[in-house]
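> If you read the sequences in order, they're chains A and B.
Under the working numbering, residues 9 to 148 are what the first sequence spells out, in order.
Under the working numbering, residues 9 to 148 are what the second sequence spells out, in order.
Ideal Cβ placement from N, Cα and C applies to all residues, glycine included.
As the structure is a computational prediction, the values presented were derived from the model and not from experiment.
My questions will all concern the structure given below.
2 protein chains.
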Amino acid sequence: MNVYEYLLSYDIKPSVQRIAIMDYLLKHHTHPCIDEIYMALHDDIPTLSKTTVYNTLKLFVEHGAAKMLTIDERNACFDGDTSAHAHFQCKCCGKIFDMPMHINEKAINDIADKGFSVEEIHNYYKGVCPDCKKNNSDKN
Amino acid sequence: MNVYEYLLSYDIKPSVQRIAIMDYLLKHHTHPCIDEIYMALHDDIPTLSKTTVYNTLKLFVEHGAAKMLTIDERNACFDGDTSAHAHFQCKCCGKIFDMPMHINEKAINDIADKGFSVEEIHNYYKGVCPDCKKNNSDKN
DNA sequence: TTCAATTCTGTAATTATTACAATTTTATTT
DNA sequence: AAATAAAATTGTAATAATTACAGAATTGAA
Numbered sequence: 009m010n011v012y013e014y015l016l017s018y019d020i021k022p023s024v025q026r027i028a029i030m031d032y033l034l035k036h037h038t039h040p041c042i043d044e045i046y047m048a049l050h051d052d053i054p055t056l057s058k059t060t061v062y063n064t065l066k067l068f069v070e071h072g073a074a075k076m077l078t079i080d081e082r083n084a085c086f087d088g089d090t091s092a093h094a095h096f097q098c099k100c101c102g103k104i105f106d107m108p109m110h111i112n113e114k115a116i117n118d119i120a121d122k123g124f125s126v127e128e129i130h131n132y133y134k135g136v137c138p139d140c141k142k143n144n145s146d147k148n
Numbered sequence: 009m010n011v012y013e014y015l016l017s018y019d020i021k022p023s024v025q026r027i028a029i030m031d032y033l034l035k036h037h038t039h040p041c042i043d044e045i046y047m048a049l050h051d052d053i054p055t056l057s058k059t060t061v062y063n064t065l066k067l068f069v070e071h072g073a074a075k076m077l078t079i080d081e082r083n084a085c086f087d088g089d090t091s092a093h094a095h096f097q098c099k100c101c102g103k104i105f106d107m108p109m110h111i112n113e114k115a116i117n118d119i120a121d122k123g124f125s126v127e128e129i130h131n132y133y134k135g136v137c138p139d140c141k142k143n144n145s146d147k148n
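Printed below as a string of structure tokens:
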């Protein structure tokens, strides 16, 4: 399935901009922020507006085609991988990595039993990634 | 232990402002944002500056006396309860509730085995709280 | 009491995000 | 194919959260 059809499957009308943004999300697992996407696509689509990137990602999230991450304190990041998975952000380089998510059914049930409707599960870790650990030890 | 000693135990020099802010955090489990704290303390300390609230919370987080939550998309929230626990934010009213955290030792070990140093575990849910569920059904 | 260090304050600057009106593009109807 | 309507995009301006910073106030030590 190409990106055009992929967007249609989420009830999103494909446009040049939307296809380019979704394509970027699907091909780059860097959990990009608005600016990363905007700058990356600016070469191909010089008329692209940052407002369009904002609007488009909001649309994607509303239609379930992307997820917004509020892991980074500075600004929102976006993930084209909508499957259940956890994340790890390196405090040193800021990169966000994908990690497997182990859903605890009992924990969810306990919350539901208290009368809460659970719609989203967020799970992430912070620490230092292997690369930064290596680089830091090299300095000594 | 009073708040004065509590701050000292985290190597934080107590001042009128710091004591008031930590006291607010310890007594209110609402996961307040900067503005909530600022407005709540403004009556008692009319000279309080919002910059001081920012600086103080940053200091608390650095010393481990408070945790910053980036659950709410609008602005950062703060938690004086530094024990390991999860959260639930209601998409309707925005309130953040405390939930028990079930740490999955195996998941942490798997991440560590990949060469990552895990320093923080974040776990939260989003959905609708019991009160909002009730209010929404009342409208029908 | 004097001096130095720390803390606090208020304003200005910065940055991310949103609002909105005008323009462009796309789809539909005649 | 031209005219019309609807939707999407753009760019600028506004908003809001956060940070930078310099001066004032407070604290602690000599």
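Three or more C-beta pairs under 8 Å: does that hold for the region 125–136 of chain A against the region 120–135 of chain B?
Yes, they touch.
> On a Cα-Cα basis, can you pick out the residue from A:Asn117, A:Arg26 and A:His93 that is closest to Lys58 of chain A?
Numbered from 1 along the first sequence, position 50 holds the residue referred to as residue 58 of chain A. Minimum Cα distance to Lys58 of chain A is reached at A:Arg26.
> Name the DSSP bridge partner or partners of Leu15 of chain B?
Numbered from its first residue, the second sequence carries residue 15 of chain B at position 7. DSSP lists no partner for Leu15 of chain B.
> Under 8 Å by Cβ, that's how I've got Cys137 of chain B and Asn83 of chain B pegged, so tell me the actual separation to the nearest angstrom.
Here residue 137 of chain B refers to the residue found at position 129 when the second sequence is read from its first residue. Here residue 83 of chain B refers to the residue found at position 75 when the second sequence is read from its first residue. Not quite, the Cβ-Cβ distance comes to about 20 Å (not below 8 Å), so this is no contact.
> Taking Cβ positions only, does Ile79 of chain B come closer than 8 Å to chain A?
As a position in the second sequence, residue 79 of chain B is number 71, starting the count at 1. For Ile79 of chain B, the answer is yes, since a Cβ of chain A falls inside 8 Å of its Cβ.
> Check whether the Cβ atoms of Met30 of chain B and Gly88 of chain B lie closer than 8 Å to each other.
For the purposes of this step, residue 30 of chain B is identified with residue 22 of the second sequence, where counting begins at 1. For the purposes of this step, residue 88 of chain B is identified with residue 80 of the second sequence, where counting begins at 1. Cβ atoms of Met30 of chain B and Gly88 of chain B: closer than 8 Å.
> Have a look at His50 of chain A and Ala28 of chain A and give me their C-alpha separation to the nearest angstrom.
Counting from one through the first sequence, the residue named residue 50 of chain A turns up at place 42. Counting from one through the first sequence, the residue named residue 28 of chain A turns up at place 20. Their backbone Cα atoms lie some 10 Å apart in a straight line.
> Would you please state the rounded distance, in angstroms, between the beta carbons of Asp80 of chain A and Gly102 of chain A? I believe it to be under 8 Å.
Taking the first residue of the first sequence as 1, we reach residue 80 of chain A at position 72. Taking the first residue of the first sequence as 1, we reach residue 102 of chain A at position 94. That belief holds up - the Cβ atoms of Asp80 of chain A and Gly102 of chain A are roughly 7 Å apart, short of 8 Å.
> Give me the residue from A:Ala92, A:Lys114 and A:Glu70 with the minimum Cα distance to Leu15 of chain A.
Mapped onto the first sequence, residue 15 of chain A falls at position 7. Taking only the C-alpha atoms, the option nearest Leu15 of chain A is A:Glu70.
> Interface residues of chain B around Ser125 of chain A at Cβ under 7 Å?
Here residue 125 of chain A corresponds to residue number 117 of the first sequence, with the count starting at 1. Per Cβ cutoff of 7 Å: Gly135, Val136 and Lys141.
> Does Ile129 of chain B have its Cβ less than 8 Å from a Cβ in chain A?
Within the second sequence, numbered from 1, the residue matching residue 129 of chain B stands at position 121. Closer than 8 Å to some Cβ of chain A, the Cβ of Ile129 of chain B qualifies, so yes.
> From Thr60 of chain A to Leu33 of chain A, what does the alpha carbon distance come to, in whole angstroms?
Within the first sequence, numbered from 1, the residue matching residue 60 of chain A stands at position 52. Within the first sequence, numbered from 1, the residue matching residue 33 of chain A stands at position 25. Straight-line Cα distance between these residues: approximately 15 Å.
> Just the Cα atoms here: how many angstroms apart are Lys66 of chain A and Tyr12 of chain B?
Sequence index remark: in the first sequence, residue 66 of chain A carries index 58 (1-based). Sequence index remark: in the second sequence, residue 12 of chain B carries index 4 (1-based). One C-alpha to the other measures close to 45 Å.
> Between Ala115 of chain B and chain A, is the shortest Cβ-Cβ distance under 8 Å, so that the two count as touching?
Your numbering for residue 115 of chain B matches position 107 in the second sequence. Closer than 8 Å: yes.
> Would you call Ala73 of chain A buried or exposed, if buried means 16 or more other Cβ atoms sit within 10 Å of its Cβ?
Position 65 of the first sequence, counting from 1, holds the residue named residue 73 of chain A. Ala73 of chain A comes out buried.
> So Phe96 of chain A contacts chain B; which residues on that side make the cut at Cβ distance below 7 Å?
By 1-based counting over the first sequence, the position of residue 96 of chain A is 88. What Phe96 of chain A touches in chain B: Ile119 and Phe124.
> Grouping DSSP H, G and I as helix and E and B as strand, with all else coil, what is Phe86 of chain B?
Position 78 of the second sequence, counted from the first residue, corresponds to residue 86 of chain B. DSSP places Phe86 of chain B in strand when its eight states are reduced to three.
> Roughly how many angstroms lie between the CA atoms of Cys100 of chain A and Lys21 of chain A, to the nearest whole one?
Taking the first sequence and counting its residues from 1, the one referred to as residue 100 of chain A is at position 92. Taking the first sequence and counting its residues from 1, the one referred to as residue 21 of chain A is at position 13. Approximately 39 Å between the Cα atoms of the pair.
> Using a cut-off of 8 Å between C-beta atoms, extract the partners of Pro108 of chain B located in chain A.
Working through the second sequence from its first residue, we reach residue 108 of chain B at position 100. Result: Ala115 and Asp118.
> In terms of DSSP beta bridges, what is Val126 of chain B paired with?
Position 118 of the second sequence, counted from the start, is the residue given in the question as residue 126 of chain B. According to DSSP, Val126 of chain B bridges with A:Gly135.
> Taking a cut of 7 Å between CB atoms, which residues from the region 47–65 of chain A lie near chain B?
Those residues of the region 47–65 of chain A that come within reach of chain B (Cβ to Cβ, closer than 7 Å) do not exist; the list is empty.
> Go through the region 32–110 of chain B residue by residue and report every complete run of the alpha helix (DSSP H) that reaches 4 residues or more, in order.
Within the region 32–110 of chain B, the complete alpha helix (DSSP H) runs of at least 4 residues are 42–50 and 58–71.
> Taking a contact to mean a Cβ-Cβ separation below 8 Å, would you say His93 of chain B touches Met107 of chain B in this structure?
Sequence index remark: in the second sequence, residue 93 of chain B carries index 85 (1-based). Sequence index remark: in the second sequence, residue 107 of chain B carries index 99 (1-based). Yes, the Cβ-Cβ distance between His93 of chain B and Met107 of chain B is below 8 Å.
> Let me know the secondary structure DSSP gives Met30 of chain A once reduced to three states.
Position 22 of the first sequence, counted from the first residue, corresponds to residue 30 of chain A. Three-state DSSP puts Met30 of chain A in a helix.
> Within 10 angstroms of its Cβ, does Thr64 of chain B collect 16 or more other Cβ (buried), or is it exposed?
Counting from 1 along the second sequence, the entry for residue 64 of chain B is found at position 56. Per the 10 Å Cβ criterion, buried.
> Can you tell which of B:His39, B:Thr55, B:Ser125 and B:Phe124 has the C-alpha that lies nearest to the C-alpha of Thr90 of chain B?
Taking the second sequence and counting its residues from 1, one reaches residue 90 of chain B at position 82. Answer by Cα proximity: B:His39.
> When the Cα of Asp19 of chain B is compared with those of B:Ile53, B:Phe68, B:Asn10 and B:Tyr62, which residue comes out closest?
Here residue 19 of chain B is taken as the residue at index 11 of the second sequence, counted from 1. Looking at the Cα atoms, B:Phe68 is the closest of the given residues.
> Check the Cβ of Asn112 of chain A against every Cβ in chain B and list those closer than 8 Å, keeping chain order.
On the first sequence, residue 112 of chain A is found 104 positions in, with the first residue counted as 1. Those within 8 Å of Asn112 of chain A in chain B are His110 and Asn112.
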